[in-house]
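Heads up, the thing below is written out as structure tokens.
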Amino acid sequence: MTTPSGGIRELIEDALTSAVRSLGVEVALPDLELGRAKGGDRGERGDYASPAGLKLAKVLREAPPSIAGRLAGVISIPHDAATVEAVGGYVNFRLTADWLRRLVATVAANGPGYGRSQLGGGERLQVEFASINPTGPLHIGHGRGTILGDSICRLLEFTGHDVQREYYVNSDNTQTRRFGASVYARLHGKEPPEGGYTGDYVTEIAEAARRDLPGIEGLPEEEAEPKLRMYAIQKVVERISATVARLNIHYDEWFWESRVWESGLAPRAIDRLRESGYLKERDGALWFGPALEEEDGLGEQVLAEDEDRVVIRSNGQPTYFASDLGYLLSRFEERGYNRVIEVWGADHHGYVPRMKSAVAALGFDPEKLVVILHQMVNLKEGKMSKRAGRFVTLDELVDRVGSDPVRYFYLLRSPDTTIEFDLELAITQSNENPVYYAQYAHARLVNVEVTASERHPRLPDRADMSLLVHPWELDVARQLAFWPEIVQDAARLLEPHRIPYYVQDLATAVHRFYHAGNETSEHRVVVDDIELTRARLELCRAARHTLRTALDLMGVSAPERM
RNA sequence: GCCCCGCUAGCUCAGUGGAUAGAGCAUCUGCCUUCUAAGCAGAGGGUCGGGGGUUCGAAUCCCUCGCGGGGCGCCA
Numbered sequence: 158m159t160t161p162s163g164g165i166r167e168l169i170e171d172a173l174t175s176a177v178r179s180l181g182v183e184v185a186l187p188d189l190e191l192g193r194a195k196g197g198d199r200g201e202r203g204d205y206a207s208p209a210g211l212k213l214a215k216v217l218r219e220a221p222p223s224i225a226g227r228l229a230g231v232i233s234i235p236h237d238a239a240t241v242e243a244v245g246g247y248v249n250f251r252l253t254a255d256w257l258r259r260l261v262a263t264v265a266a267n268g269p270g271y272g273r274s275q276l277g278g279g280e281r282l283q284v285e286f287a288s289i290n291p292t293g294p295l296h297i298g299h300g301r302g303t304i305l306g307d308s309i310c311r312l313l314e315f316t317g318h319d320v321q322r323e324y325y326v327n328s329d330n331t332q333t334r335r336f337g338a339s340v341y342a343r344l345h346g347k348e349p350p351e352g353g354y355t356g357d358y359v360t361e362i363a364e365a366a367r368r369d370l371p372g373i374e375g376l377p378e379e380e381a382e383p384k385l386r387m388y389a390i391q392k393v394v395e396r397i398s399a400t401v402a403r404l405n406i407h408y409d410e411w412f413w414e415s416r417v418w419e420s421g422l423a424p425r426a427i428d429r430l431r432e433s434g435y436l437k438e439r440d441g442a443l444w445f446g447p448a449l450e451e452e453d454g455l456g457e458q459v460l461a462e463d464e465d466r467v468v469i470r471s472n473g474q475p476t477y478f479a480s481d482l483g484y485l486l487s488r489f490e491e492r493g494y495n496r497v498i499e500v501w502g503a504d505h506h507g508y509v510p511r512m513k514s515a516v517a518a519l520g521f522d523p524e525k526l527v528v529i530l531h532q533m534v535n536l537k538e539g540k541m542s543k544r545a546g547r548f549v550t551l552d553e554l555v556d557r558v559g560s561d562p563v564r565y566f567y568l569l570r571s572p573d574t575t576i577e578f579d580l581e582l583a584i585t586q587s588n589e590n591p592v593y594y595a596q597y598a599h600a601r602l603v604n605v606e607v608t609a610s611e612r613h614p615r616l617p618d619r620a621d622m623s624l625l626v627h628p629w630e631l632d633v634a635r636q637l638a639f640w641p642e643i644v645q646d647a648a649r650l651l652e653p654h655r656i657p658y659y660v661q662d663l664a665t666a667v668h669r670f671y672h673a674g675n676e677t678s679e680h681r682v683v684v685d686d687i688e689l690t691r692a693r694l695e696l697c698r699a700a701r702h703t704l705r706t707a708l709d710l711m712g713v714s715a716p717e718r719m
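In our numbering, the protein residues as written are 158 to 719.
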């Protein structure tokens with residue numbers, strides 16, 4: 158049996174579509190909404206269901222139950238993977254025990270590759286995430302974008318994309334200049350300017366600069382600040398890199414904003430926009446805006462932004478937007494990524510139309526810039542006592558709770574929900590984190606396999622899968638059957654939070670399966686009968702591989718013992 | 001004022017127009033001499049923010065109102 162990369166859902170969907178065609182439906186099919194069967198008692202509706210009868214009633218001018226009945230009669234599921242039953246206007250599908258057993262054998266043999274696909278066709282894409290102003294350590298709020306971004310990368314890699322992880326290092330904007338000025342002030346034993354950075358780390362960086370940049374103290378501020386700024390940013394970048402590394406996150410490139418000026422990319426982008434009439438001067442500044450676009454048909458995307466935006470200030474200084482123009486050129490032209498995925502906090506949502514407009518104005522397809530917005534992480538007020546206030550950095554959170562629970566905590570929430578972060582609760586409840594439930598299931602499976610090899614040094618080479626008959630055994634197999642479609646949906650929708658919810662379900666099935674052996678010793682995996690042991694081990698192996706794979710996709714470890 | 005996100009069980013949250021809306025935590029009741037109890041089995045708990053509309057069918061789509069969060073700068 159082959160493991161369909163699209164999984165069993167795709168198999169059934171194809172069979173259903175063919176069946177509908179065989180009824181003589183020529184027109185475009187409505188969405189038959191094949192999905193997991195919901196509701197009902199004791200799985201009476203099977204595993205998958207489609208309201209195909211209801212959907213086709215209009216087209217065929219026939220009663221839904223009649224259509225569903227006819228479909229059930231003609232449908233042919235490959236490999237006898239499922240049985241079919243019409244109930245009302247629905248067509249219900251139940252995975253067969255036989256197919257589930259074969260699936261287990263395939264997954265066990267496949268190892269951790271189960272669910273992997275080449276859907277992406279090797280598409281080269283870049284994911285830029287968590288490009289926080291490098292002016293200080295990451296705090297708890299920054300954890301969300303980093304973990305979300307990295308998990309999206311993992312999903313895309315697993316589904317056949319060529320992914321590059323990038324951090325855009327702001328170095329020439331207002332905030333980083335303030336940062337540089339603050340370091341300059343500390344270097345000379347003064348207080349940072351208004352709106353500057355006051356943390357202890359600023360002083361530490363100033364002291365380090367005194368050693369590493371000989372003569373820096375003698376320079377006037379105009380000359381010293383840029384040097385100090387680049388030095389300080391480098392220091393902060395190193396710290397950020399170390400912090401995210403603790404969360405299993407490794408960037409491929411730290412792309413400095415300064416590079417778009419040194420390489421001439423930004424001026425080139427500006428020239429291009431000027432030539433195509435997207436730029437104009439007003440009040441001594443240079444503006445980008447759709448107000449000029451009437452000269453030719455430049456498309457909806459350019460019109461999306463309804464206000465002009467400053468590119469070069471009247472004082473001659475470029476805005477961040479000017480840098481971004483060069484940055485876009487670097488990614489879509491210089492480096493030639495097919496798509497760029499941006500992971501931004503919701504506070505940047507107003508920037509989306511502007512960037513899309515810029516992409517279009519530079520001559521690229523705005524669809525190639527995909528922006529994932531996630532809502533904010535708010536620190537619960539009142540919890541931030543002086544003492545607790547020390548634990549606002551991501552490093553400190555990882556110190557207190559550990560990387561795995563932190564990743565799991567963030568990944569459980571869809572990007573659309575605002576997180577109210579309760580620090581005390583996070584710390585006191587960290588041992589109740591659902592991550593342990595999943596990891597424990599994995600560790601149990603490993604342990605069982607170890608026990609088996611001790612008790613039965615010589616087991617049959619091949620497993621007789623027909624020995625798997627109990628509902629709790631087949632339920633584990635059933636969960637395994639769902640994995641490919643979970644991965645596909647998560648990758649297609651760029652929604653990693655689907656993974657931990659699946660892991661929860663799989664772990665539940667595993668724990669139930671394991672626990673059957675606590676109730677009745679004949680139901681243990683390791684029993685006197687080596688044939689039976691062998692078959693159950695096959696199931697353990699398949700489940701273990703799949704758990705491991707799912708945890709990997711979340712960047713969470715799969716411990717062998719707990 | 002305009003734009004984006006949210007409002008689902010006591011709490012935190014899943015839920016791509018389908019059937020009787022789910023999970024974890026919390027609460028209550030059971031289960032460890034034998035492969036890991038960080039586990040298992042069971043119970044209670046819901047006008048899916050309010051009101052209209054579209055549809056054979058709405059937590060899901062549309063309109064409207066309310067509440068909470070975010071944004072609307074020659075900041076990023």
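The C-beta atom is built at its ideal place from N, Cα and C for all residues, glycine as well.
With 16 other CB atoms within 10 Å as the buried threshold, where does residue i fall?
| i | result |
| --- | --- |
| Ser-487 | buried |
| Ser-514 | buried |
| Gly-164 | buried |
| Met-711 | buried |
| Asp-409 | exposed |
| Tyr-658 | exposed |
| Lys-347 | exposed |
| Gln-458 | Reliability of the predicted coordinates at Gln-458 is poor, the pLDDT of 41 falling under 50, and the value obtained from them is presented with this limitation in mind. Buried, since its Cβ has 16 or more Cβ neighbours within 10 Å. |
| Asp-720 | Summary: the structure shown does not reach residue 720, with the chain confined to residues 158 through 719, and so no result is reported for it. |
| Pro-350 | exposed |
| Ala-399 | exposed |
| Glu-183 | exposed |
| Leu-344 | buried |
| Glu-642 | buried |
| Val-607 | exposed |
| Lys-195 | exposed |
| Asn-472 | exposed |
| Asp-522 | exposed |
| Lys-212 | buried |
Can you give me the start and stop residues for the beta strand (DSSP E) that residue i sits inside?
| i | result |
| --- | --- |
| Val-467 | 466–469 |
| Arg-439 | 436–439 |
| Gly-502 | 496–502 |
| Phe-566 | Counting along the chain, Phe-566 falls outside any beta strand (DSSP E), though it belongs to the alpha helix (DSSP H) covering 560–568. |
I think residue i touches residue j, with their Cβ atoms under 8 Å apart; what is that distance to the nearest whole Å?
| i | j | result |
| --- | --- | --- |
| Thr-292 | Gln-332 | 6 Å |
| Ile-297 | Leu-551 | 6 Å |
| Ile-656 | Ala-647 | 6 Å |
| Pro-653 | Ser-308 | 4 Å |
| Gly-356 | Ala-426 | Not really, about 35 Å apart at Cβ, beyond 8 Å. |
| Leu-569 | Ala-700 | Wrong, their Cβ atoms sit about 21 Å apart, outside the cutoff. |
| His-531 | Gly-302 | 6 Å |
Tell me, please, which residues DSSP counts as bridged to residue i.
| i | result |
| --- | --- |
| Thr-550 | His-296 |
| Leu-211 | According to DSSP, Leu-211 bridges with nothing at all. |
| Ile-576 | Val-534 |
| Trp-413 | Val-326 |
| Trp-444 | Lys-437, Val-467 |
| Ala-700 | DSSP, once it has assigned bridges, lists no residue as partnering Ala-700. |
| Asn-249 | Ala-206, Glu-242 |
| Val-527 | Ile-498 |
Residue i lies in the alpha helix (DSSP H); which residues open and close that run?
| i | result |
| --- | --- |
| Glu-167 | 164–179 |
| Leu-426 | It is Ala, not Leu, that sits at residue 426 in the sequence shown. Its alpha helix (DSSP H) spans residues 422–432. |
| Thr-665 | 655–676 |
| Val-264 | 254–267 |
| Val-644 | 628–650 |
| Gln-474 | It is not in any alpha helix (DSSP H) - Gln-474 carries neither H nor E in the DSSP assignment. |
| Glu-606 | 592–612 |
Look at residue i and residue j and say whether their C-beta atoms are less than 8 Å apart.
| i | j | result |
| --- | --- | --- |
| Arg-166 | Leu-189 | no |
| Pro-269 | Ala-243 | no |
| Gln-145 | Ala-666 | The structure shown does not extend to residue 145, since the chain is modelled only from 158 through 719, so no value can be given for it. |
| Leu-625 | Ala-517 | no |
| Tyr-247 | Ala-225 | yes |
| Glu-490 | Val-528 | no |
| Leu-696 | Ala-634 | yes |
| Phe-250 | Val-241 | yes |
| His-318 | Glu-280 | yes |
| Phe-566 | Asn-590 | yes |
| Ser-328 | Glu-414 | yes |
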